[in-house]
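Protein chains in written order, with the working numbering: chain A, 80 to 339; chain B, 3 to 267; chain C, 605 to 876.
A short worksheet on the structure shown next.
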Amino acid sequence: MKRYRVLIDRILVCVALLALWQVASWVLGTYWVSTPWATISRFFISLWNGELIRHAGYTVEEAALGGVIGAVPAIILPFALRRFPTIVQILDPFMIGGYGLPKLALAPLFILWFGIGIESKIAVVVSIVFFIEYYATLSGVRALDARLVQMAQLCGANERQVARHVVWPCAVPNIFAGLRISLPIAIAVAVVTELISSNRGLGYLVQMGAMNFDITEVFAAILGATILVLAVGYAVDGTESILLRWRPSSDPLQQATSTT
Amino acid sequence: MSTSPLLEVRNLAKRFASRQGREPAPWVIRDLSFSVRDGEFLTIIGPSGSGKSTLLNMIAQIDTASGGEILFGGDTIIVSDPKSLKPGLDRRIGYVTQDDNLLPWRTTLDNVLFPLEVQNRLDDKSRAHAETLIKAVGLSGYEKYYPHELSGGMRKRTSLIRTLVYDPPVILMDEPFAAVDAQTRVQLQEDLLRLWEMGRKTIIFVTHDIAEAVALGDRTLVLTKQPTRIRSEHLIPFKRPRNVKDIFGLEGFAQVYETIRAEIQ
Amino acid sequence: MTAAEQVIAAPAGPLLSHRTIVLLGRCAFALLILAGWQWGADSFGSVFFAPPLAVLQRLWEITASGEVFFDIWATLYVSAIGFVIAVVFGLLMPFVLRMSPRLTEAVQPYIFWSQGIPKYALAPWLILWFGIGDVPKIVIVVTQTFYVIFYNVFAGIRAVDQRLVSTARVMGASENVIAKEVIWKSLQPFFYAGMKIAAPHAVGATIVGEFLVSTQGVGHYIEHARELSDTVGVFAGIVVATVLVLAINMIVERAERFSLRWRPVAKDMMTN
Numbered sequence: 080m081k082r083y084r085v086l087i088d089r090i091l092v093c094v095a096l097l098a099l100w101q102v103a104s105w106v107l108g109t110y111w112v113s114t115p116w117a118t119i120s121r122f123f124i125s126l127w128n129g130e131l132i133r134h135a136g137y138t139v140e141e142a143a144l145g146g147v148i149g150a151v152p153a154i155i156l157p158f159a160l161r162r163f164p165t166i167v168q169i170l171d172p173f174m175i176g177g178y179g180l181p182k183l184a185l186a187p188l189f190i191l192w193f194g195i196g197i198e199s200k201i202a203v204v205v206s207i208v209f210f211i212e213y214y215a216t217l218s219g220v221r222a223l224d225a226r227l228v229q230m231a232q233l234c235g236a237n238e239r240q241v242a243r244h245v246v247w248p249c250a251v252p253n254i255f256a257g258l259r260i261s262l263p264i265a266i267a268v269a270v271v272t273e274l275i276s277s278n279r280g281l282g283y284l285v286q287m288g289a290m291n292f293d294i295t296e297v298f299a300a301i302l303g304a305t306i307l308v309l310a311v312g313y314a315v316d317g318t319e320s321i322l323l324r325w326r327p328s329s330d331p332l333q334q335a336t337s338t339t
Numbered sequence: 003m004s005t006s007p008l009l010e011v012r013n014l015a016k017r018f019a020s021r022q023g024r025e026p027a028p029w030v031i032r033d034l035s036f037s038v039r040d041g042e043f044l045t046i047i048g049p050s051g052s053g054k055s056t057l058l059n060m061i062a063q064i065d066t067a068s069g070g071e072i073l074f075g076g077d078t079i080i081v082s083d084p085k086s087l088k089p090g091l092d093r094r095i096g097y098v099t100q101d102d103n104l105l106p107w108r109t110t111l112d113n114v115l116f117p118l119e120v121q122n123r124l125d126d127k128s129r130a131h132a133e134t135l136i137k138a139v140g141l142s143g144y145e146k147y148y149p150h151e152l153s154g155g156m157r158k159r160t161s162l163i164r165t166l167v168y169d170p171p172v173i174l175m176d177e178p179f180a181a182v183d184a185q186t187r188v189q190l191q192e193d194l195l196r197l198w199e200m201g202r203k204t205i206i207f208v209t210h211d212i213a214e215a216v217a218l219g220d221r222t223l224v225l226t227k228q229p230t231r232i233r234s235e236h237l238i239p240f241k242r243p244r245n246v247k248d249i250f251g252l253e254g255f256a257q258v259y260e261t262i263r264a265e266i267q
Numbered sequence: 605m606t607a608a609e610q611v612i613a614a615p616a617g618p619l620l621s622h623r624t625i626v627l628l629g630r631c632a633f634a635l636l637i638l639a640g641w642q643w644g645a646d647s648f649g650s651v652f653f654a655p656p657l658a659v660l661q662r663l664w665e666i667t668a669s670g671e672v673f674f675d676i677w678a679t680l681y682v683s684a685i686g687f688v689i690a691v692v693f694g695l696l697m698p699f700v701l702r703m704s705p706r707l708t709e710a711v712q713p714y715i716f717w718s719q720g721i722p723k724y725a726l727a728p729w730l731i732l733w734f735g736i737g738d739v740p741k742i743v744i745v746v747t748q749t750f751y752v753i754f755y756n757v758f759a760g761i762r763a764v765d766q767r768l769v770s771t772a773r774v775m776g777a778s779e780n781v782i783a784k785e786v787i788w789k790s791l792q793p794f795f796y797a798g799m800k801i802a803a804p805h806a807v808g809a810t811i812v813g814e815f816l817v818s819t820q821g822v823g824h825y826i827e828h829a830r831e832l833s834d835t836v837g838v839f840a841g842i843v844v845a846t847v848l849v850l851a852i853n854m855i856v857e858r859a860e861r862f863s864l865r866w867r868p869v870a871k872d873m874m875t876n
């Protein structure tokens, strides 16, 4: 019963927000604030005639390529350096610096180097995803339980087998935690870089809309970008729950009633 | 059963590395000697702090010794250089630790099959052997469960048969049943004896529980406190197969129990 | 050292102390980066890689002329205002929500979904409204920084030991007093943690905002240089931005240590 009440509450809030939006549009004029109806219908029209899909595709392509190019080395590095903690220590201040520096601030540099095409967007995404994923994987590798390694060794596992059967599965939850953060950011960052300078993508649609004083276009494109960011987040969550079924649930009630 | 010992420990000594500038650390184990025959079920009783785990760690080749030697089948295996340690002595020494150390991301069946997988011995025959063991300890139906879905006792059993599945000639056990409740413990002890009867492997079982040591073993050694040595040795006169549930009522049990308990006081 | 520990971490060599090796390694790596920079400048030409010396020279020029301070001030001014507004809202909203758990649950998904909106994408629209000035930038900084504070404070309130609240109530304390004494005190570590992340974040967000709303500030300097293909300027601007963010980081760290010196008890009081 409570679940229904929460659902109804949320629908009420949604209606209230839409009403607020509509009122703002009336008060300030549709020139400045497009109406919810206009935005949503433009969104679906754009979707239908393929324009939104095309530009969203560019944005996704930038984020995906950048995500892969950034994440793969970031995941491999902590494993490769597992036996060389000294090297990890040497790199630490540089990694921290790279992590703390707002990489988005390097966007103009990448645009200068790679032009306004897809490469500059990929470069910015790579620079952000890499550091997030490096630290996530590093914490996963570090969280390794020595007793599990010992057990595997006693069973006769060699280095490679220990890495594959013990170290890797142990780090996977942390790797996913990193992806949960970095992949939605990848989309958002691609959009921002497109805003600065681009001729394709959702960020480009936003700029174009603004230049043509077509606020509805601006809102529709922002809506599209938001949906993408959230969708990527949910996708990672879904994949994680399938792959990580072995994890104990954090729900204490469920734990208490498990088999005895 | 041959008469020459399978495993021999001579004047074993261990102390941990001291920090720079400090005095050398006290001896944990000093001048410890005993031997085990092939097929024998040896129990070792030690109070807390008697370095029981350290002793097993050294036999299992996962820790170095500071002195003395260990012989396995006549060959000296003890090692003082960490780099040349061979954990499990190439699968000839199994080790059931206090923590079950199951891989949380593997199901019960996959955990039991893990050593076979790693040793490249996974085939229909070994798989069938694993399933037999799973049934023998009452885990049928739980093959697809993950460790977090199992109770403590079930995880213990899984950990136990995981070591048994690849048939090491010697099996070390470090207080494997200490962390479960009394009823489960008795059940596990019975399961262990039943499984042991099937193969008659050599077992070295360490515990702080006198009753457990007497109920399970052919022979019991009592350890001193640090620096640990063998205090005494007791032959257990009871016939096999043993009924662990009723062991306290067994004739002669109380005497053996009391003798040992008085020693430890 | 057991065999397992060996797999985890190999010991350092006996010749040099571990600390020295690490230090030397770091210097070597830094030199490697500089060498790479120089090599990049030689191979790809000064359009892509400004030579280190030229960058240093430019940094000297803008410092001597005072231009850099003007830009830094413009950036910090906007970040500070945005930061303060974000902190006010981020602090108030959880307390407001706390008054009604039903409201909190109803609103929760919308707060979560609103985070998915790429806030920088609002910039072109804001420029249409307010023109190119500080307002669009401040709005962007607020929307970027708000969530960090909000979630930290929210988590902090949730983490409050309910027993302490009940005890206070039983003693007859009013809701106001409860909010002030119990909740605020236990909230502080979370709040400061949030501020620590949010402060440099606000500066970074301002700089990126200045790419889009280009009037003044460090970000404007970088973007302006790029539009003129002034590579040296881009490099110099990035150096300034980096130093600025690192400096804010350091100041926040010092501030935290300073305030904790005053009240070391605050954290301990809650571990009862």
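Note that CB positions come from ideal geometry on N, CA and C, so glycine has one too.
Source: prediction; values computed, not measured.
In terms of Cα proximity to Arg226 (chain A), the closest of B:Ile31, B:Phe179 and B:Asp65 is B:Asp65. In the DSSP assignment, Lys16 (chain B) falls within the unbroken beta strand (DSSP E) covering Leu9 to Lys16.
Within chain B, no C-beta atom comes less than 8 Å from the C-beta of Gly219 (chain A); the nearest is roughly 13 Å away. DSSP places Tyr97 (chain B) in the strand class (E or B) of the three-state scheme.
When Cβ-Cβ separations below 7 Å define contact, Glu709 (chain C) makes contact with chain A. For Thr272 (chain A), same chain residues with a beta-carbon under 6 Å away, outside a window of 5 residues either side, are Ala186, Lys200 and Val203 in chain order. A straight line joining the alpha-carbon of Leu281 (chain A) with that of Pro115 (chain A) spans about 19 Å.
Those residues of the stretch 55 to 82 of chain B placed with their C-beta closer than 8 Å to a C-beta in chain A are Ala62 and Ile64, ordered along the chain. Close partners of Pro171 (chain B) in chain A (Cβ separation under 7 Å) are lacking, with about 14 Å as the shortest Cβ gap. Excluding the 5 residues flanking it on each side, Ser153 (chain B) has no same chain C-beta neighbour closer than 6 Å.
Pairing Leu156 (chain A) with Gly644 (chain C), the inter-Cα distance amounts to about 24 Å.
Nearest in C-alpha terms to Ser35 (chain B), of all of B:Asn13, B:Ser20 and B:Arg129, is B:Asn13. The beta-carbon distance between Pro713 (chain C) and Arg89 (chain A), rounded to whole angstroms, is 6 Å. This is short enough to meet the 8 Å contact definition. Between Val836 (chain C) and Val659 (chain C) a beta carbon distance of about 6 Å is seen, short of the 8 Å cut, so the two are scored as contacting. Contact residues of the stretch 141 to 166 of chain A toward chain B are absent (C-beta to C-beta distance below 9 Å). Taking all protein chains shown into account, Val844 (chain C) has 16 or more neighbouring C-beta atoms within 10 Å of its C-beta and is therefore buried. Counting only the Cα atoms, Ile163 (chain B) lies some 6 Å from Leu135 (chain B).
Look at Phe652 (chain C) here: in three-state DSSP terms it is coil, with no helix or strand label. Contact annotation: Ala269 (chain A) and Glu141 (chain A) have beta-carbon atoms nearer than 7 Å. Sequence-distant partners of Arg94 (chain B) (beyond 5 residues in either direction) whose C-beta falls short of 6 Å from its own C-beta, in its chain, are Pro170 and Pro171. Taking a Cβ-Cβ threshold of 7 Å, none of the residues of chain C is close to Thr109 (chain A); the smallest such distance is about 13 Å. Ile736 (chain C) carries a coil assignment under DSSP once its states are collapsed to helix, strand and coil. A contact between stretches requires three or more CB pairs, one per stretch, nearer than 8 Å, and the stretch 682 to 697 of chain C meets this requirement with the stretch 738 to 751 of chain C.
The beta-bridge partner set that DSSP reports for Ile47 (chain B) consists of B:Thr209 and B:Val224.
Nearest to Phe673 (chain C) by C-alpha distance, out of C:Gly760, C:Gly821 and C:Gly808, is C:Gly821. Those residues of the stretch 709 to 731 of chain C placed with their C-beta closer than 9 Å to a C-beta in chain A are Glu709, Ala710, Val711, Gln712, Pro713, Tyr714, Phe716, Trp717, Ser718, Gln719, Gly720, Ile721, Pro722, Lys723, Tyr724, Ala725, Leu726, Ala727, Pro728, Trp729 and Ile731, ordered along the chain.
Proximity of chain C to Thr305 (chain A) at the Cβ level (cut-off 8 Å) is accounted for by Trp717, Gly720, Ile721 and Pro722, in chain order. Cβ atoms of Gln100 (chain B) and Ala184 (chain B) stay farther apart than 8 Å, at about 17 Å. Beta-bridge partners of Ser37 (chain B) (DSSP): B:Glu10. When C-beta atoms of the stretch 183 to 200 of chain B are compared with those of the stretch 236 to 251 of chain B, three or more pairs fall below 8 Å, so the two segments count as touching.
Secondary structure at Gly196 (chain A): coil, using DSSP grouped into helix, strand and coil. The stretch 291 to 310 of chain A and the stretch 109 to 129 of chain A touch, with three or more beta-carbon pairs separated by less than 8 Å.
Between Tyr724 (chain C) and the set C:Glu709, C:Val700, C:Ile761 and C:Val817, the nearest pair of CA atoms involves C:Val817.
Cβ-Cβ separation between Thr230 (chain B) and Val30 (chain B): approximately 7 Å, consistent with a contact (criterion under 8 Å). Here the alpha carbon of Thr165 (chain B) sits roughly 56 Å from the alpha carbon of Thr846 (chain C).
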